[in-house]
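Line order of the protein sequences matches chains A and B. The numbering of the first sequence is the numbering used here, which starts it at 1 and goes up by one. The numbering of the second sequence is the numbering used here, which starts it at 1001 and goes up by one. Every residue gets a Cβ at the ideal spot worked out from N, C-alpha and C, and that includes glycine. Source: prediction; values computed, not measured. These notes concern the structure reproduced below.
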Amino acid sequence: MVGDKSWGSRIFSFTNGLLLAIVALVTVLPFIHVFASSFATAGELAAKKFLLVPTTFTFDAYKYIFSTSTLPRALFVSIFVTVVGTVWSMLISSLTAYGLSRKDLAGRNTLMFLFVFTMLFSGGMIPTFLVVQETGLLNSYLSLIVPVSINVFNMIILRTFFQGLPDGLEESGKIDGCNDFGILLRIVIPCSMPAIATISLFYAVTYWNTYMHAILYLSDAAKWPVQVLLRQIIVLASGLNYDSAVYTDTPPPSQSVKMAVIVVATLPVLVVYPFLQKHFAKGALLGSIKS
Amino acid sequence: MSNQLATNKGSLLRSIRKNKLIYLMIFPGLLYILIYKYIPMYGLIISFQNYKPYKGIMGSEWVGFEHFTRLFNSPDFWMIFSNTLILFGLQLLIYFPIPIILAIMLNELRNEIYKKTVQTLIYLPHFMSWVIVVSISFVIFTFDGGIINGMLESLGFSKINFLLSSDWFRPMYILQIIWREAGWGTIVFLAAIAAVDPQLYEAAKMDGASRFRQMISITLPSIKSVIIVLLILKIGDVLELGFEHVYLLLNSTNRHVAEIFDTYVYVSGILQGQFSYSTAVGFFKGFVGLILVLLANWLAKRYGEEGIY
């Protein structure tokens, strides 16, 4: 390690470390500011600016947003869509991924092409909307799940993982008298738990974050998931809106109420993030390199 | 010859029968893409019709390329087209280099725990929805009571109307992309850097190259091919500027700088009910996008690296 302890190297390390600390700080400061502000009184937020710590802590904003049924209902919708959607997407994605991972399957390349092509070209927003309408999903929670059952990218990551399992595993399953479903359920999935966990979390985050499909397919405001409600509260309260849907339940919310709604909508992702973080970088790379 | 064909057919049938459970497993997924991906592609036909919902695809009147002609002759088209190019140009010039620089800097961190902590923090915003990203910037940048304008005021500057001024749409758009994606974008570059031969650094040290010099003269050239491939693939995605992101920022004061193909399709199709016209706009965008992606992948492969598809 020649020169590693020289002054030049030390100054370099220090500057580099400091710059990255600033980058990390700038990344998380907005979160911390929003979190702190959600506990401030409306008066303090209006009167004097603070970045991190309010002088008086209050739960008023949270009491207020949970005092009507609007936000709890939206949260319930989001939780429902996230749980049901993730289970459904994992079921159908792992079945498809396992089937397409079998090297002895006739027509495998053609089937694979059919899936990959949907990543390159689509009928677009309006024809898809018409199909969702024709299949009777408009204004149903299922419209947030069924039209996005499989994320082909996630499915390919799973397939790549299944393909990497040793062939002997399947053979041993067959010798034990398992059929293909038994092999998938008892051997392949238990051996792929890191991939299953990562992709489940990817799906869960996507379902929690769903916004576009909700504004496309749900016209009934009572069915809105939390992301749509958040947008209505934040963006429309500023008097800027492009469409005519207006959130009328409450008067323009105070700054701390907006902050509290952001915290509530963010929290679930923050809670799963540590679990997600353990695997995702590997998963993301697997998908971009191997497919 | 016919015998050969018969046995081939026979073996195909046998292989299908042997794997019938496997086909059964793929069936739901296949049914899903047929209904929600391929039928909409068939539905693109309505871009050549005057589609009326009560008449259906079969009964609607044919108009040929009328909607496409209308699009190309509309002043909206040039507005959308130039907005798309400008937003993409900003992404390329301002956003694209940032993950590369961050990855090279992260690679120089010797303390693993410190490195992991920084990575954990800067990957986080990637998992936030655009609604949350835009909401956070709204409450921070808002005119009355936002922390940024509060700071400007206390420093003696005049307040800036970040959210209502169309001049600020592009800076806000690119700033939000950097905040959300720059950290996550480092992953692929970090992987490329990890593959660099450590002997190169040893040799450079022997020659007395400083750490900064090693960054510029070894790390950067070593990942040049990855950078070029990602640049090409990025150019293939020029039309993918993010419907949700732009739509959340769109309002009547900034439309002339913010409207892109996807938001235009939503507004003219879903909100104004011009199904055929908006489908034509979406078709044009999708078709050009497909050509660009295929071209980009072909170029990337030709460059000697494996493309994404």
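Contact list for B/Trp1168 against chain A, beta-carbon separation under 9 Å:
In chain order: nothing, as chain A lies at least about 13 Å away.
Taking the alpha carbon of A/Ile22 as the point to measure from, which residue in B/Arg1017, B/Asn1083, B/Ile1080, B/Trp1179 has its own alpha carbon closest?
B/Trp1179
Indicate the three-state DSSP secondary structure (helix, strand or coil) for B/Trp1062 in the structure shown.
strand
Pull up the distance between the alpha-carbon of A/Asn179 and that of A/Asp167, whole angstroms please.
15 Å
Quick check on the burial criterion: 16 or more other C-beta atoms within 10 angstroms. Buried or exposed for A/Arg292?
The structure shown does not extend to residue 292 of chain A, since chain A spans only 1 to 291, so no value can be given for it.
Would you say the region 90-104 of chain A touches the region 175-191 of chain A, given that touching needs at least three Cβ pairs under 8 Å?
yes
So A/Tyr141 and A/Phe59 are in contact, right, with Cβ under 8 Å, and what is the actual spacing, rounded?
With 8 Å as the limit, A/Tyr141 and A/Phe59 do not qualify as a contact, their Cβ atoms being about 31 Å apart.
Using a Cβ-Cβ cutoff of less than 7 Å, which residues in the same chain neighbour A/Ala204 once the five nearest sequence positions on both sides are dropped?
Cβ neighbours of A/Ala204 beyond the five flanking positions: Thr82, Thr86, Val272.
What does A/Phe275 touch in chain B if you count any residue whose Cβ is under 8 Å from its own?
Result: empty, since nearest Cβ-Cβ is about 12 Å, beyond 8 Å.
Do B/Val1063 and B/Asn1050 have their CB atoms nearer than 8 Å?
yes
Taking 8 Å as the CB-CB cut-off, is B/Leu1239 touching chain A?
no
With DSSP run on the structure shown, which of helix, strand or coil describes B/Asn1050?
Strand.
Specify the secondary structure class of A/Ser294 as computed by DSSP and reduced to three states.
The displayed coordinates of chain A run from 1 to 291. Any statement about residue 294 of chain A would go beyond what the structure contains.
How should B/Glu1108 be labelled, buried or exposed, when 16 other C-beta atoms within 10 angstroms of its C-beta is the threshold for buried?
buried
Leaving out five residues before and five after B/Arg1255 in sequence, what residues of the same chain have Cβ atoms less than 6 Å from its Cβ?
none
Starting from the Cα of A/Cys191, find the closest Cα among A/Tyr207, A/Lys174, A/Leu169 and give me that residue.
Distances from the alpha-carbon of A/Cys191 to those of A/Tyr207, A/Lys174, A/Leu169 put A/Leu169 closest.
Measure the C-alpha to C-alpha separation of A/Asn241 and B/Phe1261 and round it to an integer number of angstroms.
Because A/Asn241 sits at a pLDDT of 45, beneath the cut-off of 50, its placement in the model cannot be relied upon, and the following sentence gives the value as read from the coordinates. Straight-line Cα distance between these residues: approximately 19 Å.
Residues that B/Thr1120 contacts on chain A, provided the C-beta gap is smaller than 7 Å:
What B/Thr1120 touches in chain A: Gln277.
Assuming B/Leu1071 and B/Ala1280 are in contact, meaning their beta carbons sit under 8 Å apart, how far apart are those beta carbons, in whole angstroms?
6 Å
To the nearest angstrom, report how far apart A/Val228 and A/Ile145 are at their CA atoms.
16 Å
Quick one: any contact between the region 1242-1250 of chain B and the region 1269-1280 of chain B, if contact means 3 or more CB pairs under 8 Å?
no
Terminal residues of the alpha helix (DSSP H) in which B/Trp1130 lies:
1130-1141
Taking the continuous alpha helix (DSSP H) assigned at A/Trp224, which residues delimit it?
Looking at the DSSP string, A/Trp224 is not in any alpha helix (DSSP H), and its letter there is neither H nor E.
Hey, could you find the ends of the alpha helix (DSSP H) A/Thr206 is sitting in?
193-208
Report the residue ranges of all alpha helix (DSSP H) runs contained in full by the region 1209-1274 of chain B; include only those spanning at least 4 residues, in chain order.
As far as the region 1209-1274 of chain B is concerned, its whole alpha helix (DSSP H) runs of at least 4 residues are 1211-1214, 1224-1236, 1243-1249, 1255-1258, 1261-1265.
Own chain partners of A/Ala36 with C-beta closer than 7 Å, once the 5 adjacent residues on each side are dropped
Leu52, Val53, Pro54
Partner residues on chain A for B/Pro1075, Cβ-Cβ distance less than 8 Å:
Chain A residues near B/Pro1075: none, gap ~19 Å exceeds 8 Å.
Can you name, in chain order, every residue of its own chain whose Cβ lies under 7 Å from the Cβ of B/Ile1177, other than the five neighbours on each side?
Only Gln1091, Tyr1095 meet the Cβ criterion.
Whole angstroms are fine: how far does the CA of B/Pro1125 sit from the CA of B/Ile1104?
Cα-Cα distance, rounded: 20 Å.
Applying a beta-carbon distance threshold of less than 7 Å, which residues of chain A neighbour B/Pro1028?
Contact of B/Pro1028 with chain A by beta-carbon distance below 7 Å involves Ile92, Leu95.
Between B/Ile1223 and B/Ala1203, is the Cβ-Cβ spacing less than 8 Å?
No, Cβ-Cβ distance for B/Ile1223 and B/Ala1203 is not below 8 Å.
Beta-carbon proximity check, A/Leu120 vs B/Val1293, cutoff 8 Å
yes
Is the Cβ of A/Tyr259 closer than 8 Å to any Cβ of chain B?
Reading off the sequence shown, one finds Met at residue 259 of chain A, where the question assumed Tyr. True, the Cβ-Cβ gap to chain B drops below 8 Å.
For A/Gln163 and chain B, any beta-carbon pair shorter than 8 Å?
no
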